[in-house]
Amino acid sequence: MEVAEIEALTREVLPALRETPLVRTVIERSGSSRRFVKLRPAEGAAGTGVVAMHYTLDRPENGRFGAITDFLRGLGVPVPAIRHRDEGRQVIWLEDLGTEDLAAHATDDWDTVRRPLYAAALRAVFPLHRVAETSPPPDLPALEKPFDAALYRWEQDYFFARFAPHFSALDAAACEAVRQSPELAALAESLGKAPRRLIHRDFQSSNVMLRAGAPVFIDYQGMRWGLEEYDLASLLFDP
Numbered sequence: 010m011e012v013a014e015i016e017a018l019t020r021e022v023l024p025a026l027r028e029t030p031l032v033r034t035v036i037e038r039s040g041s042s043r044r045f046v047k048l049r050p051a052e053g054a055a056g057t058g059v060v061a062m063h064y065t066l067d068r069p070e071n072g073r074f075g076a077i078t079d080f081l082r083g084l085g086v087p088v089p090a091i092r093h094r095d096e097g098r099q100v101i102w103l104e105d106l107g108t109e110d111l112a113a114h115a116t117d118d119w120d121t122v123r124r125p126l127y128a129a130a131l132r133a134v135f136p137l138h139r140v141a142e143t144s145p146p147p148d149l150p151a152l153e154k155p156f157d158a159a160l161y162r163w164e165q166d167y168f169f170a171r172f173a174p175h176f177s178a179l180d181a182a183a184c185e186a187v188r189q190s191p192e193l194a195a196l197a198e199s200l201g202k203a204p205r206r207l208i209h210r211d212f213q214s215s216n217v218m219l220r221a222g223a224p225v226f227i228d229y230q231g232m233r234w235g236l237e238e239y240d241l242a243s244l245l246f247d248p
């Protein structure tokens, strides 16, 4: 859907913005078969802006975004409010969280700035990590496939395909030997058997928005059963 179409549809479904002069900003986010457009009232105009998300179902998780948002809000996990949803035209309108995210503070002082922000993010995601696979809540929406041995193995292969060739001190043959090692296969099997809880799955700093200094999470449509340490590592070892 083109940006002009998204604006026209926004005016149609949100009466408060119907006659308001709007400034459009396309938000660039990599992949995921989604387009985000921020629509905010022009300077001097009344009203509250929104972010329109148009999605395709090339990735089925996109169609679950609304239901997962509702579920997370019910848990008390901070996520953006949904202003309107149109599943037929595959558009969801979200509150505008601004532009500040945790990644913007990557070079700030640890003790005075980053540590409090990281601690707040971990406290905020804790209600999600408390939900165990052995006792799923009745309102749990459909999820992506859980982390099992096969998915951990896929993650390992992805590491060796995308990261190791560019950053490892080992040559290609040595990297391949590690990738094929029985120890790495055993690790995937062991992780796949561990008790699972709900995880965000993409819990890097760019997906932790900051609103008045408090965390609000985005890009959680890949939520699934897994190990909470996966989210922790995603945040703390975010490249």
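With this note's numbering applied, the sequence shown covers 10 to 248.
Glycine included, C-beta positions come from ideal geometry on N, C-alpha and C.
(1) Among the residues of its own chain, which have a CB less than 7 Å from the CB of L106, if the five just before and after it don't count?
(2) What's the gap between the Cα of A195 and the Cα of V187?
(3) Apart from the five residues on each side of it in sequence, which residues of its chain come closer than 6 Å, Cβ to Cβ, to S243?
(4) With distances taken between CB atoms, is the gap from L137 to L207 smaller than 8 Å?
(5) Which full runs of the beta strand (DSSP E) of 3+ residues lie inside the segment 19-77, going along the chain?
(6) Since S42 and R68 are thought to touch, with beta carbons under 8 Å apart, how far apart are those beta carbons, to the nearest angstrom?
(7) Going by DSSP, what residue range makes up the beta strand (DSSP E) through E104?
(8) According to DSSP, which residues form a beta bridge with H93?
(9) Following the continuous beta strand (DSSP E) through W119, name the residue where it begins and the one where it ends.
(10) Mind checking E202: buried by the 16 CB within 10 Å criterion, or exposed?
(11) Could you spell out the range, first to last residue, of the alpha helix (DSSP H) harbouring G251?
(12) Which residues in the same chain have their Cβ closer than 6 Å to the Cβ of L131, if we skip the five residues on either side of it in sequence?
(13) Measure the Cβ-Cβ separation of I77 and P146 and say whether it is below 8 Å.
(14) Note the first and the last residue of the continuous alpha helix (DSSP H) segment covering A197.
(15) Would you call Y229 buried or exposed, if buried means 16 or more other Cβ atoms sit within 10 Å of its Cβ?
(16) Please report the distance separating the alpha-carbon of P191 from that of G222.
(17) Using a 10 Å radius around the Cβ and a threshold of 16 neighbouring Cβ atoms, would you call P30 buried or exposed?
(18) Would you kindly check if the distance between the Cβ of R98 and the Cβ of L2 is under 8 Å?
(19) From T108 to D117, what distance separates their C-alpha atoms?
(20) State the Cα-Cα distance for the pair A159 and R233, rounded to the nearest angstrom.
On the basis of the coordinates in this document:
(1) The residue given as residue 106 occupies position 97 in the sequence shown. Spatial neighbours of L106 in its own chain (CB-CB distance under 7 Å, excluding positions within 5 residues in sequence) are listed in chain order as P89, M218, R220 and V225.
(2) Here residue 195 refers to the residue found at position 186 of the sequence shown. Here residue 187 refers to the residue found at position 178 of the sequence shown. Counting only the Cα atoms, V187 lies some 12 Å from A195.
(3) Position 234 of the sequence shown, counted from the start, is the residue given in the question as residue 243. F212 and Q213, listed in sequence order.
(4) Counted from its first residue, the sequence shown places residue 137 at position 128. Counted from its first residue, the sequence shown places residue 207 at position 198. Contact: yes.
(5) Scanning the segment 19-77 for uninterrupted beta strand (DSSP E) segments of 3 residues or longer gives 31-36, 43-50 and 59-64, listed from N- to C-terminal end.
(6) Indexing the sequence shown from 1 puts residue 42 at position 33. Indexing the sequence shown from 1 puts residue 68 at position 59. With a Cβ gap of about 5 Å, S42 and R68 count as contacting.
(7) One-based indexing of the sequence shown puts residue 104 at position 95. Run containing E104: V100 to E104, per the beta strand (DSSP E) assignment.
(8) In the sequence shown, the residue the question calls residue 93 occupies position 84. Bridge partners of H93: W102.
(9) Here residue 119 corresponds to residue number 110 of the sequence shown, with the count starting at 1. Per DSSP, W119 belongs to no beta strand (DSSP E) and is neither H nor E.
(10) Position 193 of the sequence shown, counting from 1, holds the residue named residue 202. Checking the sequence shown, residue 202 turns out to be Lys, not Glu. Answer is exposed; the Cβ neighbour count stays below 16.
(11) The requested residue 251 is not part of the displayed model; the chain covers only 10 to 248.
(12) For the purposes of this step, residue 131 is taken as residue 122 along the sequence shown, with counting starting at 1. Within the same chain, L131 has no close Cβ partners at all.
(13) As a position in the sequence shown, residue 77 is number 68, starting the count at 1. As a position in the sequence shown, residue 146 is number 137, starting the count at 1. Not a contact, by the Cβ cut-off of 8 Å.
(14) Counting from 1 along the sequence shown, the entry for residue 197 is found at position 188. In the DSSP assignment, A197 falls within the alpha helix (DSSP H) that extends over P191 to K202.
(15) Taking the sequence shown and counting its residues from 1, one reaches residue 229 at position 220. Its Cβ being crowded by 16 or more others within 10 Å, Y229 is buried.
(16) As a working note, residue 191 is residue 182 in the sequence shown. As a working note, residue 222 is residue 213 in the sequence shown. Those two C-alpha atoms are separated by around 46 Å.
(17) Position 21 of the sequence shown, counting from 1, holds the residue named residue 30. With fewer than 16 other Cβ atoms from the protein chains shown falling within 10 Å of its own Cβ, P30 counts as exposed.
(18) Residue numbering for the chain in the displayed model covers 10 to 248; residue 2 lies beyond these limits and cannot be assessed.
(19) The residue labelled residue 108 in the question sits at position 99 within the sequence shown. The residue labelled residue 117 in the question sits at position 108 within the sequence shown. In a straight line, the C-alpha of T108 is about 17 Å away from that of D117.
(20) As a working mapping, residue 159 is identified with position 150 in the sequence shown. As a working mapping, residue 233 is identified with position 224 in the sequence shown. If I take the Cα positions, the gap works out to 15 Å.
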